[in-house]
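Asks:
Chains as they are written, first to last, in this note's numbering: chain A, 138 to 780; chain B, 138 to 780.
The structure is reproduced here in structure tokens:
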């Protein structure tokens, strides 16, 4: 029996760009920055959340998948017998996403004993389910073999293939094992023969098809990166450009939905003026288009990406970074249609937004993208997983009323062990498992810190730093340069978050060239190993006014501190105080106080409100939004009316 | 060939309570009031809209139904051959609702030549489609005979039967013809044998079933009223009380919807704390429960109805009277969840609200119900049909942004000739056709005017009045008593709308006992025929503040005048003014001016706003909300930020 214990150091095949996380660039020249070659989070805020992910969330995955029937579906496909279990044709993707998460995790903190063996067990189940021609989707293998490739709008076949490919790439990149990669390559080759730009006669009749749910595009670019096979890059480009010509059905509900915009099939991405339709579909598509651009340097695609990102970030993003305002169709709303109560803001959409924005950050080198990544990570993403790592939120509203009525179902404002549509939990797992790779980047001339997390980060050009910080609770970040070119100047770049009005920096020598460049604070000098930079970001409590065009929160303020958005929850207020009947006194004193005993340790903000009934003051206590919904089922609000 | 010209005077069988409209009470003793025996709108605002309904909307119905395939479905069922056309199993209900509308119309203003013949043609089509056992729903007859009565959650079989019954009652009540009534009685008897309290052995297995869409309950009570057959009243009660015990599926989408509350199967109506779930389903159920209470005097049902009505009117109703805030599930939202932009406020829900409230008005004699009827009729209902009577709105939002994106589909903010789900148009037709019967009521001691519409109204106890008014443009209402008991005092009651802060009344004699009683102005005296009362309601422009608990419109004001809610539309503002970037100057002068040339003749309100960009003033012109969406596709808003 082979030794399944993960190697203590990564042993995957190191390409020239070497990242052990997502996005191992093949064509760095098209990009301003490239991912860090190594990235480890070793302490602080995110290490704690990642530890829970590694020790609770990921290990409980296989049991959840067994209970929900996903693994039985794989066995049924392998045996050619049995019934399909689950509400959706894309049940397999939950398994694939879990495999991706566990694979990233194996490269880092292995988690409890046995995770590697569980990974190989599930890899074997997936491999055994594959048909001889490479096909693999249990819904069509087990339940509807007659309909294979005939329901592209709702069948999710290419979508599931995409998640399989991403899992396979992660598995290969972090463990060096080929079993799952071989499965993915076989399936991708089969898909290329049917849907690719150079189709065989078999595929000729189908070559116009695209999947109702984008996802395979970003995956195929990663498969190209991992294998070097150009045909996968070409297929990704082909599928991206085929979308937007009305090939899919007119929408999921002819009476009610916005038609082909639901799956972004209304306009080619290069011409689309704004993000629209189903948010996760839109954002996976855009992440894939960014991947394409990163490898090809396609200028018109880049222009569209920048335009669409500005449309999203400027008009369709919640304060929490959440996106996709509408329950109906899980979709982006109109510009500035951002209701706090009926915010959909699906956890998966926040993840997709982070994936896309990170690609844009590397492509352009601009800090705005990592500003949004930070806002999303600390708020609208992290709210999706409970502090115990074992319960989830599918939707992430910014307000729950005192008299909230519905507390059941996937979309209840209540943390839930699993969902009938379980897309979010393994998606959270894979982002947390790969999170170190979103912190830093490198270029020929230096290293850039996009996020502040205790750990060590190195570029593929010889730079390395160690970061120590109690961020986001404290604003001090200490960066030690562990390695830098001995013979020339080298630049350490620190992102100054857009929320930060004031900061100080102590560099090794007051003669150092320290300059602000966009959102970057750049320190350029000849470094000696061990030299340190201390950045202090002022963490004043902020009362944030909404854009006046966001009608739904007019006359309200939100409490923020550092990257954290705060909320009021009933549990923290005086007994009997209704959050629907209190207003913030805007000039009242605000106090930030760390409470190690509360919600895993949070800094709370206290201030004063006024009861609408009789005008009497009431103390108000706000907690970080990401930690909401852990106590009773009371009211919650991010946006608070001003007195 | 029989003479199909409608009789110039009603010839239907006159029961003791005699109304030629909906709700011919059999047990008036349980009710504070009873419908007028005769009711005719002969001039003014509603006469114009009803004329368009009679001369355009209703006559074009059969062609629309032919084009959409509804009539072909009936022929296919009759012939036992052919395909089913349409997206929904309830296509037949569009035909039934049209027949009901046309039947009410025939009692009143016959409309263009040939309407009566068209009615008889469609009646024959419906009758021919009926199976020998009484069954009639073409979807299950033509497309899915194997599934009859097996998909009660989504099949709409009892729902369609309900609309058939209502059409049959209207047809019989206004024309005296029995063809359709016989069809309905046969179907209802068949249903009673399967679902009734005393089921045959055939029905035993099915007797626990209820329909996913309430509607048959109110219809069965009317069938009881029309035929005197007690079993139909009992069946209505039985079906009402069976609901709320989780008999239906867990919701239409297990992953996402609120479960059985969608179809009000989560709690028995008698125990429900609030209106919830699909709005039309909820309101048809409540209208039926009100019908039951009106005939049985059931005290606990009445208590529940009053509680639920207060929950709706006080916490879940838009300023326009629209109800059902959510697109997702076409459902009521939480209390005070009333977004203006994503307001669903389906036209059908407004109609159902009027139907229910009118029953409550008769049951209780309280004016609050007719206050809401008035608000709904003039605003959230009337917006559903275009001024030309030939285009429709399915949803009735209170805001459309300048950069609104989606302009297609049933739910676009754009008047549309017909819908793939065409529930609303014939529903509008039937309410407008029967509208005179919502104006007045009677009791042993007098006549009550609930609405102000030029016309003549008589009780079944010998009272009769003629009303003349230019309402809602002018506040003067002249009521002439044409008949009243010669030998005793008799009371003319005039509803003083809750919006009205000031009024004067000129009664025939200053000694008359004129007293305010709740919202009623009661004038009690010995009347001589021809004596007149002149009521003057002050129609000042009002700037209405929202309830502070409605988060979505905080910091805004709405313009109202009389019963009309106003809105700003781009078309009436200075060129280039964006409605998203202007605020109302609250102390600016407002001017109301009648513009006979505009939108069929409307009183506009002009005032002044302030541009957010540079603070400069801008003239603003508001038009009645019901008339919106008749010019360009610009922005619209009811709630306007205050400067």
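Backbone N, C-alpha and C define an ideal beta-carbon position, used for all residues, glycine too.
1. Between 199/A, 622/A, 362/A, 349/A, which lies nearest to residue 297/A when the distance is taken from Cα to Cα?
2. Alpha carbon to alpha carbon, how far is residue 521/B from residue 488/B? Give it in angstroms, no decimals.
3. Do the CB positions of residue 664/B and residue 627/B come within less than 9 Å of each other?
4. Find the residues of chain A that neighbour residue 778/B, judging by a C-beta separation of less than 7 Å, and give them in chain order.
5. From this set, 295/A, 422/A, 452/A, which residue's C-alpha is nearest residue 687/A's C-alpha?
6. Quick check on DSSP: helix, strand or coil for residue 198/A?
7. Could you name the residues of the same chain whose beta carbon sits closer than 6 Å to that of residue 632/A, not counting the 5 residues immediately before and after it, in chain order?
8. Taking Cβ to Cβ, would you say residue 347/B is nearer than 9 Å to residue 385/B?
9. Distance check for residue 208/A and residue 605/A, CA to CA, integer angstroms please.
10. Report the partner residues of residue 640/B according to the DSSP bridge assignment.
11. How about residue 86/A and residue 660/A: are their beta carbons less than 9 Å apart?
12. Is there contact here, the segment 428 to 447 of chain A with the segment 464 to 484 of chain A, by at least three beta-carbon pairs under 8 Å?
13. What's the gap between the Cα of residue 493/A and the Cα of residue 276/A?
14. I'd like to know if residue 718/A contacts chain B, where contact means its C-beta is closer than 9 Å to some C-beta of that chain.
15. With DSSP as the reference, please indicate the residues paired to residue 693/B in a beta bridge.
16. Considering residue 231/A, what are the terminal residues of the alpha helix (DSSP H) in which it resides?
17. Does DSSP put residue 729/A in a helix, in a strand, or in coil?
18. Quick one, are the C-beta atoms of residue 177/B and residue 245/B less than 9 Å apart?
19. Just list the alpha helix (DSSP H) runs in the segment 416 to 477 of chain A, keeping only unbroken ones of 4 residues or longer that don't cross its boundaries, in chain order.
20. Report the residue from 232/B, 666/B, 204/B, 160/B whose alpha carbon sits nearest the alpha carbon of residue 560/B.
21. Answer yes or no: do residue 772/A and residue 705/A have a C-beta to C-beta separation smaller than 9 Å?
22. Give a yes or no on contact between the segment 749 to 759 of chain A and the segment 714 to 723 of chain A, applying the rule of three or more CB pairs nearer than 8 Å.
23. Measure from the C-beta of residue 541/B to each C-beta in chain A and report whether the shortest distance is under 9 Å.
24. Classify residue 536/A: buried if its beta carbon has 16 or more other beta carbons within 10 angstroms, exposed otherwise.
25. Give a yes or no on whether the minimum CB-CB distance between residue 219/A and chain D is below 9 Å.
26. State the Cα-Cα distance for the pair residue 193/A and residue 187/A, rounded to the nearest angstrom.
27. Return no unless some Cβ of chain A is closer than 9 Å to the Cβ of residue 470/B.
28. Could you tell me which chain B residues have their CB closer than 8 Å to the CB of residue 464/A, listed as they occur along the chain?
29. Taking 9 Å as the cut-off, decide whether the C-beta atoms of residue 84/A and residue 171/A are in contact.
30. According to DSSP, is residue 742/B helix, strand or coil?
31. Does DSSP put residue 583/B in a helix, in a strand, or in coil?
32. Using the beta-carbon of each residue, which ones in chain A are nearer than 7 Å to residue 685/B?
33. Since residue 706/A meets chain B, which of its residues come closer than 9 Å, beta carbon to beta carbon?
34. Determine the burial state of residue 284/A: buried for a count of at least 16 other Cβ atoms within 10 Å of its Cβ, exposed for fewer.
35. Indicate the three-state DSSP secondary structure (helix, strand or coil) for residue 355/A in the structure shown.
36. To the nearest angstrom, how far is the alpha carbon of residue 236/A from that of residue 200/B?
Replies: Taking the structure as given:
1. 349/A
2. 10 Å
3. yes
4. 691
5. 452/A
6. helix
7. 504, 507, 587, 656
8. yes
9. 41 Å
10. 674/B
11. There is no way to answer for residue 86/A, as the model of chain A reaches only from 138 to 780.
12. no
13. 29 Å
14. yes
15. 778/B
16. 229 to 243
17. strand
18. yes
19. 416 to 433, 436 to 452
20. 232/B
21. yes
22. yes
23. yes
24. buried
25. The structure shown contains no chain D; its protein chains are A and B.
26. 10 Å
27. yes
28. 393, 463, 464, 465
29. In the structure as shown, chain A begins at 138 and stops at 780. Residue 84/A is therefore absent and cannot be evaluated.
30. strand
31. strand
32. 749
33. Going along chain B, no residue has its Cβ under 9 Å from residue 706/A, so there is no contact; the nearest lies around 17 Å.
34. exposed
35. helix
36. 58 Å
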